Amino acid sequence: YGQSLVDLHLLKSVEIDQPIARFQGKGDERVEKLRYDEKEKRTYINESQYFEGITEEVWQYQIGGYQICNKWLKDRKKKRLSLDDIKHYCKIVTSLQRTIEIQKSIDNIYPEVEKETIEIENR
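The structure is reproduced here in structure tokens:
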């Protein structure tokens with residue numbers, strides 16, 4: 003899992019080539035007022051444009067005390083998102099979703115690994 007996480011966090015993983023988020027709506031792509039809609043799984047950047055396919059778990063995910071999805075957009079407030087920006091954000095969302103899945107897998111196997119480690123140490 004280690005190399006997979008490294009590749010995901012560097013946005014170099016092939017797993018993010020098919021993003022789970024999409025940009026929707028008509029407008030000027032300007033980040034004005036951020037709003038997350040949990041029910042619709044959307045992050046609005048203004049009144050009419052949003053990224054969809056963002057689970058609350060991904061929206062709330064933090065690294066180093068920062069809520070990644072929110073911070074990335076806040077850092078671009080009052081700016082227009084380019085096509086590359088939009089693609090990049092969709093890759094970030096996909097990377098975070100896959101990271102969460104891997105972390106759950108690690109959490110599931112950890113008790114067994116810990117048990118085996120203790121057994122080896124007690125021999």
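The numbering used here puts the first residue of the sequence shown at 3, with every later residue one more than the last. C-beta atoms are modelled at their ideal positions from N, C-alpha and C, and glycine is treated no differently. Predicted, not measured: the structure shown is a model, and the values here were computed from it.
Here the alpha carbons of residue 67 and residue 40 stand approximately 21 Å from one another.
Looking only at 83, 94, 89, the smallest Cα-Cα distance to residue 57 is reached by 94. In this structure, DSSP gives residue 39 an extended state, which the three-state scheme calls strand. Beta-bridge pairing by DSSP links residue 54 to 24, 44. In this structure, the alpha-carbon of residue 78 lies about 6 Å from that of residue 33.
In terms of Cβ geometry, residue 92 and residue 47 do not form a close pair [threshold 9 Å].
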